[in-house]
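Protein chains in written order, with this note's numbering: chain A, 1 to 399; chain B, 1 to 174; chain C, 1 to 209.
Just below is one structure, and these are the notes that go with it.
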Amino acid sequence: MTTELPTDIKSTSSEIQIDKPSSKWLPPGLALQKVDEKIMTLNVGPQHPGSGHMRLIVQIDGDYIVACDPDPGYVHRGEEKMAEYRNYITNIPHLERPVIHDSCNILYPYVLGVEELLGIEVPERAKYVRVIAAELNRCIYIMYWLAIYGIFLGHSTMFMWPTGDRELLIDLMEKMTGARVTHSHFIPGGVRNDLPANFEEVCLRQVNYFEKRIKEYAAVFYDNPILIARTQDTGVLSRQDAIRLGVTGSVLRASGIDYDVRKKEPYDVYDELDIQSIVMTEGDAYARSKIPWLDMMDSCNIIRQALQKMPKSGSVRVKLKPNPKGKGFDTVYKRVESGRGSLGCYIVSDGKPEPYRLKLSVPSFRNLIALPYLLKGEKLGNMPSVYWSLNYWPVEADR
Amino acid sequence: MLKDLLTPETANVFVGKLGDMLEKAIGKPLGYAINWGRIWSLWPVHIETACCSVEFGAASSPRYDVERFGIIEAFGSLRQCDLIVVQGTITRKMAPRLRLVYDQMPEPKYVIAMGACAITGGLYFDSYNVLPGIDGILPVDVYVPGCPPRPETLIQGCLLLQEKIKRMKARTIV
Amino acid sequence: MSSDSAKPTTDSKPEEKPTTDSKPEEKPTTDSKPVVKKPEEKKVELPAFEKSISDKIVEKFGDKVEVAFVKKDRVGINVSRENVHDVAEFIRDGLNYDHVESVSGVDYPQDNEIAVVYHIGSYSDPSLARQLLVLSTRAQREENPIPGSDATRLPTLRDIFYSVEFHEREIFEMFGVYFEGHPDNRRLLLPEDWADIPPLRKDFAIKGR
Chain A
1 MTTELPTDIK STSSEIQIDK PSSKWLPPGL ALQKVDEKIM TLNVGPQHPG SGHMRLIVQI
61 DGDYIVACDP DPGYVHRGEE KMAEYRNYIT NIPHLERPVI HDSCNILYPY VLGVEELLGI
121 EVPERAKYVR VIAAELNRCI YIMYWLAIYG IFLGHSTMFM WPTGDRELLI DLMEKMTGAR
181 VTHSHFIPGG VRNDLPANFE EVCLRQVNYF EKRIKEYAAV FYDNPILIAR TQDTGVLSRQ
241 DAIRLGVTGS VLRASGIDYD VRKKEPYDVY DELDIQSIVM TEGDAYARSK IPWLDMMDSC
301 NIIRQALQKM PKSGSVRVKL KPNPKGKGFD TVYKRVESGR GSLGCYIVSD GKPEPYRLKL
361 SVPSFRNLIA LPYLLKGEKL GNMPSVYWSL NYWPVEADR
Chain B
1 MLKDLLTPET ANVFVGKLGD MLEKAIGKPL GYAINWGRIW SLWPVHIETA CCSVEFGAAS
61 SPRYDVERFG IIEAFGSLRQ CDLIVVQGTI TRKMAPRLRL VYDQMPEPKY VIAMGACAIT
121 GGLYFDSYNV LPGIDGILPV DVYVPGCPPR PETLIQGCLL LQEKIKRMKA RTIV
Chain C
1 MSSDSAKPTT DSKPEEKPTT DSKPEEKPTT DSKPVVKKPE EKKVELPAFE KSISDKIVEK
61 FGDKVEVAFV KKDRVGINVS RENVHDVAEF IRDGLNYDHV ESVSGVDYPQ DNEIAVVYHI
121 GSYSDPSLAR QLLVLSTRAQ REENPIPGSD ATRLPTLRDI FYSVEFHERE IFEMFGVYFE
181 GHPDNRRLLL PEDWADIPPL RKDFAIKGR
């Protein structure tokens, strides 16, 4: 840590002067700021039981939040810059790191985009394998999210149950791909490996059991009067504001807008499967927390359909040339529905083996804009329930 | 004379000094017992720095259940913690905060570097915003490799730390 | 999805080859017969609905806008920085697009410009649910950037599309493009003491490369 005091700290008059600068130097963002006699500024995070890897600078008047300024970037690792130095295949492992528990879905738009750039058509069986993997990953993501939501609200059972049941699906993914969370399974041209022997039966059995288990969560969590009291009518996002703020995923569907990329712009084989996109109209934290749970049941349904319709044999990947590259200058924007919402990938190619520019348009970053808006006027105690109901994963937002 | 010195304002200083003296007196003969106590109270600070926190959370799940070893219990205040598990990448923005958290913890404190990013920078070795390992800012006791490490690996790392503490001299307050 | 694309209507990018294959639009995902496609020299029909969107914009603004490409579900429009505000206003009011999905900056040192690309979508109009309008504009690029006080400037679109707020803050710190009229041009993701040039510009080299 640096011990020297930067010169610009002294010049800002609003910041409290520190007596011994050499020993007690604080980074500029951490210095205390005096706003008002009545209004207090509170730094929540980055070290906080349950805030995740971000800081919320909250101004409170008594118990009520006056303003909130989210301060992300604690896990900004420069994925987009790194992608410009790696070719289309070696980009795969590090691009899934932002959401390791939803790694198939964050790779999905990238892989679709590269396939469009290269002009590859994917075999039919690979498409179904991808859909199954993506839906399993969506469940894995939502279970982790639900577990943390339980911890946020002080509901320990809701941490233990999802993290336990989640291992069922992680087992399935481990069987399929060989890794617990970071699968690197999707590649341009298909998937890396074919399904293992009798995967279909095991998958069907596990998914059926999983669905039975998550239905029991209603009794302990979603019908729990304490949860309802803490989340209902908290942080209400109206339909107009949801459109104006451009939020996505469960936050959008909780505000009464039926928008699911799987349904509106189907990719791979989603147009052959029956997808229910769940919509609620309340727009409060309760609706936002319930929609992912209902999504999981829908995902189980999709997995069963895909297992039934999947061709029983056939190739799962197209052989690529080494160092594949696009033909000349081209741009492509692909999006998929991830566990958090619409996830887009914008690739600019200039005909080299490396992308000229790669941009991940991530749902967490898009939903973050709603946070200051929702927290204004709420009680400080409601902050955790509103914050985590946005389906927010800080690592992804920072990239 | 002692009575004049011992005012209510200075009482806690005296109590602290007394504690130091006691610890020095009994530290050596009772080192084993002190270490034994420290082994079973390895409570981590709740600071998540990157994606390894997913597997850290999974280690507390019913399947792995790290709390059966009496360690890694999720805990609120860092003033009562003596273990910091650095869960993944440390960026340049996070590094001063991590050091602040470490400085606020009471002695004795131990550091586990979890994941390839915390050890060497890992996949992000050439990123402009990532530290190449946390050795530069924290004294690391145990390295847990993997990207991310499986929960079993984390548990083994904790057991290694226990083993290490057992063999250490009982550290006094520095 | 598969690689449906069409011939660009204007030659905005000289390197951009007319992409080759044309396929019926209905079920692009189901046919698995061509594994790697052969280039065909057939003239392709532009997708009609997307063409109508680009036609409306061209009709309104004439030669102030430039249609970069009309692909399936994507319409690309290039605008100069003087007109981007007016075009965006028309896109919202006249064409029912209502939110911005993604704002990306692309650095072109050879043209001495930084492109800012808005991907604009619509929630309220069901017929536009598949569509994304790719509005691209370019800012002047400085050799030695001083973010905030040099000529790399663009008008903000925050008063039209509220959802660009954080995206434009990100572009400001990553490329040094200052958005005039943005109320909150502060740093978002980078550390507070970042003193180097904006990292996503091409002249910023990461270590060891």
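Beta carbons: idealized from backbone N, C-alpha and C, even for Gly.
The structure presented is a predicted model; accordingly, all values stated were derived computationally and were not measured.
Considering A67 (chain A), what are the terminal residues of the alpha helix (DSSP H) in which it resides?
-> Here the question's residue 67 (chain A) lines up with position 67 in the first sequence. Per DSSP, A67 (chain A) is not a residue of any alpha helix (DSSP H); the beta strand (DSSP E) it occupies stretches across Y64 to D71.
P155 (chain C): first and last residue of the uninterrupted beta strand (DSSP E) it sits in | Residue 155 (chain C) sits at position 155 when you count from the first residue of the third sequence. Note, P155 (chain C): beta strand (DSSP E), R153 to P155.
Is D330 (chain A) helix, strand or coil when you go by DSSP?
-> Sequence index remark: in the first sequence, residue 330 (chain A) carries index 330 (1-based). Here D330 (chain A) sits in strand by DSSP.
So who's on the other strand from R141 (chain C), going by DSSP bridges?
-> Taking the third sequence and counting its residues from 1, the one referred to as residue 141 (chain C) is at position 141. Partner(s): none; R141 (chain C) has no beta bridge.
What does Y128 (chain B) touch in chain C if you count any residue whose Cβ is under 7 Å from its own?
-> What you label residue 128 (chain B) is simply residue 128 of the second sequence in a count that begins at 1. In chain order: P199 and I206.
Hey, would you say V336 (chain A) sits closer than 9 Å to K127 (chain A), going by beta carbons?
-> Locating residue 336 (chain A) in the first sequence gives position 336, counting from the first residue. Locating residue 127 (chain A) in the first sequence gives position 127, counting from the first residue. Cβ distance not < 9 Å, so V336 (chain A) and K127 (chain A) don't count as in contact.
Please look up how many angstroms separate the CB atoms of I84 (chain B) and Y102 (chain B), rounded, as I've assumed it's under 8 Å.
-> Reading the second sequence from its first residue, position 84 is the one you call residue 84 (chain B). Reading the second sequence from its first residue, position 102 is the one you call residue 102 (chain B). Right, their Cβ atoms sit about 6 Å apart.
Sufficient close CB pairs (3 or more, under 8 Å) joining the segment 272-282 of chain A to the segment 85-101 of chain A = Taking 8 Å as the limit for Cβ pairs, the verdict is that the segment 85-101 of chain A does not touch the segment 272-282 of chain A.
In chain order, what residues of the same chain lie with their CB nearer than 8 Å to the CB of S32 (chain C), ignoring the 5 residues before and after it?
-> Working through the third sequence from its first residue, we reach residue 32 (chain C) at position 32. Note that S32 (chain C) scores 44 on pLDDT, short of 50, meaning its location in the model is unreliable; the coordinates nonetheless yield the value given after this. So no residue of the chain qualifies.
If we call anything under 9 Å between Cβ atoms a contact, is I89 (chain A) one with D61 (chain A)?
-> Working through the first sequence from its first residue, we reach residue 89 (chain A) at position 89. Working through the first sequence from its first residue, we reach residue 61 (chain A) at position 61. In this structure, D61 (chain A) does not lie closer than 9 Å to I89 (chain A) by Cβ.
Alpha carbon of F159 (chain A) to alpha carbon of W388 (chain A), nearest angstrom = Stepping through the first sequence from its first residue, residue 159 (chain A) is reached at position 159. Stepping through the first sequence from its first residue, residue 388 (chain A) is reached at position 388. Straight-line Cα distance between these residues: approximately 14 Å.
Kindly list the residues whose CB is nearer than 8 Å to the CB of V191 (chain A), restricted to its own chain and excluding five residues on each side of it in sequence; keep chain order.
-> Within the first sequence, the letter at position 191 stands for residue 191 (chain A). Setting aside the 5 residues that flank it on each side, V191 (chain A) is surrounded in the same chain by A126, V129, R130, A133, H185, V316 and R317, each with a C-beta closer than 8 Å to its C-beta; the list follows chain order.
Could you list the residues in the segment 88-111 of chain B with a C-beta less than 7 Å from some C-beta on chain C, going in chain order?
-> Answer set for the segment 88-111 of chain B: R92 and K93.
Does the count of Cβ pairs from the segment 203-218 of chain A and the segment 239-250 of chain A closer than 8 Å reach three?
-> Short answer: they don't touch.
Span separating the alpha-carbon of F56 (chain B) from that of V75 (chain A) = Along the second sequence, read from residue 1 onward, the residue named residue 56 (chain B) stands at position 56. Along the first sequence, read from residue 1 onward, the residue named residue 75 (chain A) stands at position 75. So the two alpha carbons sit approximately 17 Å from each other.
Residues within the segment 185-199 of chain C neighbouring chain B, beta-carbon criterion of under 9 Å | Near chain B, meaning a CB-to-CB distance below 9 Å, the residues of the segment 185-199 of chain C are L189, L190, P191, E192, D193, W194, D196 and P199.
Return yes when the Cβ of L200 (chain C) is within less than 9 Å of the Cβ of D73 (chain C), no when it is not.
-> By 1-based counting over the third sequence, the position of residue 73 (chain C) is 73. By 1-based counting over the third sequence, the position of residue 200 (chain C) is 200. It is not a contact, given that the beta carbons lie outside the stated cut-off.
Quick one: complete alpha helix (DSSP H) runs, 4+ long, within the segment 147-197 of chain A?
-> DSSP runs (the alpha helix (DSSP H)) wholly in the segment 147-197 of chain A: 157-177.
What residues from chain A crowd round V45 (chain B), counting only those whose CB sits closer than 9 Å?
-> Sequence index remark: in the second sequence, residue 45 (chain B) carries index 45 (1-based). Correct list: Q47.
Apart from the five residues on each side of it in sequence, which residues of its chain come closer than 7 Å, Cβ to Cβ, to Y267 (chain A)?
-> For the purposes of this step, residue 267 (chain A) is taken as residue 267 along the first sequence, with counting starting at 1. Non-local C-beta neighbours of Y267 (chain A) in its own chain, meaning closer than 7 Å and more than five positions away in sequence, comprise L112 and V336, ordered along the chain.
Check whether the Cβ atoms of N78 (chain C) and V65 (chain C) sit closer than 9 Å, and answer yes or no.
-> Locating residue 78 (chain C) in the third sequence gives position 78, where the first residue counts as 1. Locating residue 65 (chain C) in the third sequence gives position 65, where the first residue counts as 1. Judged by beta-carbon spacing, V65 (chain C) lies within the 9 Å limit of N78 (chain C), meaning their Cβ atoms are closer than that value.
Proximity test, Cβ basis, 9 Å: A139 (chain C) and chain A | Locating residue 139 (chain C) in the third sequence gives position 139, counting from the first residue. No, because no Cβ of chain A sits closer than 9 Å to the Cβ of A139 (chain C).
Using a Cβ-Cβ distance under 9 Å, would G57 (chain B) count as near chain D?
-> The structure shown contains no chain D; its protein chains are A, B and C.
Are three or more beta carbon pairs between the segment 182-198 of chain C and the segment 87-99 of chain C nearer than 8 Å?
-> Cβ pair count under 8 Å is below three, so no.
So which of A:S289, A:L343, A:N91 and A:G189 has the shortest CA-CA distance to R230 (chain A)?
-> Position 230 of the first sequence, counted from the first residue, corresponds to residue 230 (chain A). It is A:S289.
Could you pull out every residue in the same chain whose Cβ sits closer than 6 Å to the Cβ of Y259 (chain A), ignoring the five residues on either side in sequence?
-> For the purposes of this step, residue 259 (chain A) is taken as the residue at position 259 of the first sequence. The answer, listed in chain order, is L252.
Rounded straight-line distance, which links the Cα of P147 (chain C) to that of I151 (chain A) = Translated into the one-based positions of the first sequence, residue 151 (chain A) becomes position 151. Translated into the one-based positions of the third sequence, residue 147 (chain C) becomes position 147. I151 (chain A) and P147 (chain C): Cα-Cα distance of roughly 41 Å.
Exposed or buried, which one is E107 (chain B) when buried takes at least 16 other CB atoms within 10 Å?
-> Counted from its first residue, the second sequence places residue 107 (chain B) at position 107. Here E107 (chain B) is exposed, its C-beta having fewer than 16 other C-beta atoms within 10 Å.
Residue from A:P324, A:V181 and A:L273 whose Cα sits closest to the Cα of G189 (chain A) | Translated into the one-based positions of the first sequence, residue 189 (chain A) becomes position 189. The shortest CA-to-CA distance from G189 (chain A) to any of A:P324, A:V181 and A:L273 is the one to A:P324.
Is N12 (chain B) buried or exposed, if buried means 16 or more other CB atoms sit within 10 Å of its CB?
-> Looking up residue 12 (chain B) in the second sequence gives position 12. Residue environment for N12 (chain B): exposed (fewer than 16 other C-beta atoms within 10 angstroms of its C-beta).
Check the Cβ-Cβ distances between E429 (chain A) and every residue of chain C, and say whether any is below 9 Å.
-> Residue 429 (chain A) lies beyond the stretch modelled for chain A, which goes from 1 to 399, so this question has no answer here.
So which residues of chain A does Y118 (chain C) contact, with C-beta pairs closer than 7 Å?
-> Here residue 118 (chain C) refers to the residue found at position 118 of the third sequence. The contacting residues do not exist; Y118 (chain C) stays about 11 Å from chain A at best.
What is the DSSP secondary structure of C345 (chain A), counted as helix, strand or coil?
-> For the purposes of this step, residue 345 (chain A) is taken as residue 345 along the first sequence, with counting starting at 1. In the structure shown, C345 (chain A) adopts extended strand secondary structure according to DSSP, grouped into three states.
Hey, V100 (chain C) and S163 (chain C) are a contact pair by Cβ (cut 8 Å); roughly how many whole angstroms apart?
-> One-based indexing of the third sequence puts residue 100 (chain C) at position 100. One-based indexing of the third sequence puts residue 163 (chain C) at position 163. Going by Cβ atoms, the distance from V100 (chain C) to S163 (chain C) rounds to 5 Å, so yes, they are a contact pair.
Residue interval of the beta strand (DSSP E) (run including V99 (chain A)) = Position 99 of the first sequence, counted from the start, is the residue given in the question as residue 99 (chain A). Element bounds for V99 (chain A): n/a, residue is neither H nor E.
Cβ shell of Y64 (chain A) (< 8 Å), same chain only, five flanking positions each side left out | By one-based count along the first sequence, residue 64 (chain A) stands at place 64. Excluding residues within five positions, the ones whose Cβ falls inside 8 Å are G377, E378, K379 and L380.
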